Amino acid sequence: MVNVLCSCGSATSIRTSWTSANPGRRFHCCVAECGFVSWSDPPMCPRAKSVIPGLLVSLNKSQEFGATMVVENIGMGMQNKRLKMILFLSWCMFITYLLF
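According to the UniProt record's numbering, the residues represented by the sequence shown are 1 to 100, in order.
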């Protein structure tokens, strides 16, 4: 990896652009935040620029759906535990009724 220095002499860090014009393209920016920017990756082809934003939207929707399912799964687990307890207590009451 090449160490790129800013025009002010500071070191740069590599970040990733997530804009629709340059999705996933890496660039160097100044750690002192003087405004220096230099592209690390070559420009993308027009097809990649049109496909990647759609893929990112799809990925975000999938992640949101997954998070929703995790919360729903936790709720279902708690409900399942309550229902098992109710079933156990009802069987205990039924057996007690039969014995006495």
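Glycine residues also receive a C-beta, built at the ideal position from the N, C-alpha and C atoms. Treat the numbers as computed from the prediction; the structure is a model and nothing was measured.
Quick check on residue i: does DSSP put it in helix, strand or coil?
| i | result |
| --- | --- |
| Arg25 | coil |
| Ala32 | coil |
| Ser90 | helix |
| Val37 | strand |
| Thr16 | strand |
Exposed or buried, what is residue i when buried is set at 16 or more other beta-carbons lying within 10 Å of its beta-carbon?
| i | result |
| --- | --- |
| Cys30 | buried |
| Cys6 | buried |
Cβ of residue i within 8 Å of Cβ of residue j?
| i | j | result |
| --- | --- | --- |
| Cys8 | Phe27 | no |
| Thr16 | Gly24 | yes |
| Val4 | Ser50 | no |
| Ala32 | Ser10 | yes |
Alpha carbon to alpha carbon, what distance is there between residue j and residue i?
| i | j | result |
| --- | --- | --- |
| Ile74 | Leu99 | 38 Å |
| Trp91 | Tyr97 | 10 Å |
| Gln79 | Glu72 | 10 Å |
| Ile52 | Leu87 | 51 Å |
Using 8 Å as the Cβ pair cut-off and three pairs as the minimum, do the stretch 29-48 and the stretch 66-76 touch?
no
Counting pairs of Cβ atoms below 8 Å between the stretch 75-86 and the stretch 47-67, do you hit three or more?
no
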